[in-house]
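Protein chains in written order, with the working numbering: chain W, 1 to 108; chain S, 109 to 222.
Cβ coordinates follow ideal geometry from the N, Cα and C atoms, glycine included.
Note that the coordinates shown come from a computational prediction; the quantities given were computed from them, not determined experimentally.
Below is one structure, written out as structure tokens; the observations come after it.
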């Protein structure tokens, strides 16, 4: 069974625009992570935010976490065509459970 | 450092045939996961190993699926007999012991059952 739900399911933007993806989850967590998956490939870890953190940055990525609402958001700034991929949130508490993902398309 | 290695990358079989997938995790990673990913969906956990012990196999359909991790390193996931609905990508991931849970994934094994 899947833990998280991403919103939107699909997102299409122009290069240079910002992309925001949201994730909601159901149970308590140790941390929340975001992964990226290019078509036909495995998942790649992007960023981790601990349950006692509210915001984290890594390059063009910004992640927020609201444990009271059991939700997180991933912001990709100044998107590039190479950012086209599926993005998954995953919650960790002894094991890792993934959401259904957001399919991001960045048009050049 | 080598990443997680999975084989085969692609497998096409007839229904009712057996199939096996192999995973070699990153050296030193004690935790190993098998996930199933259907098209357009997120990975769904099948089984988690801590060393050679299966600590969470509640999502593994035990009537036809089996897994093993001998000596706490490589792992094999087997399906016997395969059904049409088993067509999916089988992903293996590993994680360091006492880590944050960050997973390192292999490229996956794509199974097509005809």
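Considering only beta carbons, the part of the stretch 17-35 of chain W lying closer than 9 Å to chain S consists of 30, 31, 33, 35, in chain order. For residue 144(S), the beta-bridge partners assigned by DSSP are 152(S), 198(S). Inter-residue distance for residue 30(W) and residue 200(S) is about 22 Å (C-alpha atoms, whole angstroms). In the displayed model, residue 56(W) falls within a strand according to three-state DSSP. DSSP places residue 178(S) within a helical segment (H, G or I) once states are collapsed to three.
Within the same chain, Cβ atoms closer than 7 Å to the Cβ of residue 209(S) are found at 203, the five residues on either side in sequence being excluded. Between the stretch 63-78 of chain W and the stretch 14-27 of chain W there are three or more inter-stretch CB-CB distances shorter than 8 Å, so the stretches are counted as touching. One finds 95, 96 in chain W with Cβ atoms closer than 9 Å to the Cβ of residue 141(S), taken in chain order. Collapsing the DSSP output to three states places residue 81(W) in a helix. Look at residue 211(S) here: in three-state DSSP terms it is coil, with no helix or strand label. Residue contact with chain W for residue 150(S): present (Cβ-Cβ distance below 7 Å to some residue of chain W). Two segments are said to touch when three or more pairs of C-beta atoms, one from each, lie closer than 8 Å; by this definition the stretch 123-133 of chain S touches the stretch 215-222 of chain S. Counting along the chain, residue 35(W) sits inside the beta strand (DSSP E) bounded by residues 31-37. A residue is called buried once 16 or more other Cβ atoms fall within 10 Å of its Cβ, and residue 99(W) is buried on that count.
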